Amino acid sequence: MDKIYVLKKEDEMQNDDDFVADESRPLIPEGTYHVRCIHIEEGIYKGTLKMYLKFIIVYPEQYKGTELFMAMNLSDSKTKMRFKKVPRASKYYEQWVIANLDIHPSRDDRMSPLKFKEGYSEAVVRTVKPKFPDGTEKPECFHYSVVDYLKGRTG
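Laid out in structure tokens, this is it:
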């Protein structure tokens, strides 16, 4: 039988400050909002390379300042390898073209993610409703909003 190593006993955990709550994820009504991209980063989620764009809502006024993210795959779903060339059917390609004022790149053009930080966009926000392992929906306190996609540039 495996030996269990005790690092801390219950009475030693009373004043334990090691666990601090993370920021809560905003939950706003689904719909269309005017946003500006304020941050770009890459990360890995469940073994898939992703780009995360952080947006701040600029309109309507009641949600101004709310920060939401949009995630896009940067790797092939079968091979898990990073895109060598961005496929036309990928979310990154489509959203980049919209950020580029609906102008497609020419063959072999660079598609810098910094394009997302130029100007303002009209974004569609949806609610993520996580599920338990058995497939049932988690309570509403776990729901949060994300930018699902950009519809167009507004300025």
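Position 109 of the sequence shown, counting from 1, maps to 203 under our numbering, and the rest follow consecutively.
Built from N, CA and C at the ideal position, the CB exists for glycine as well.
None of these values were measured; they are calculated from a predicted model.
Contact under 7 Å by Cβ, residue i with residue j
i, j, result
"N194", "K178", "no"
"Y153", "H128", "yes"
"K211", "C131", "yes"
"Y238", "L121", "yes"
"S169", "T142", "yes"
"Y62", "I150", "As shown, the chain starts at 95 and ends at 249. That puts residue 62 outside it, with no answer to give."
"M205", "W190", "yes"
"E124", "T221", "yes"
"K245", "E216", "yes"
"K148", "H133", "yes"
"T126", "V240", "no"
"K225", "E231", "yes"
Three-state secondary structure assigned by DSSP to residue i
i, result
"I192", "helix"
"Y187", "helix"
"F226", "coil"
"L143", "strand"
"L208", "helix"
"Y214", "coil"
"E231", "strand"
"E161", "strand"
With 16 other Cβ atoms within 10 Å as the buried cut-off, status of residue i
i, result
"I138", "exposed"
"A183", "exposed"
"V114", "exposed"
Paired residues, beta bridge with residue i - DSSP
i, result
"I134", "L147"
"T248", "T248 is not bridged to any residue."
"M166", "M145"
"R220", "V240"
"V129", "I151 and S215"
"R201", "In the DSSP output, where bridge partners are listed per residue, R201 has none listed."
Between the segment 194–203 and the segment 157–164, do at least 3 Cβ pairs fall closer than 8 Å? no
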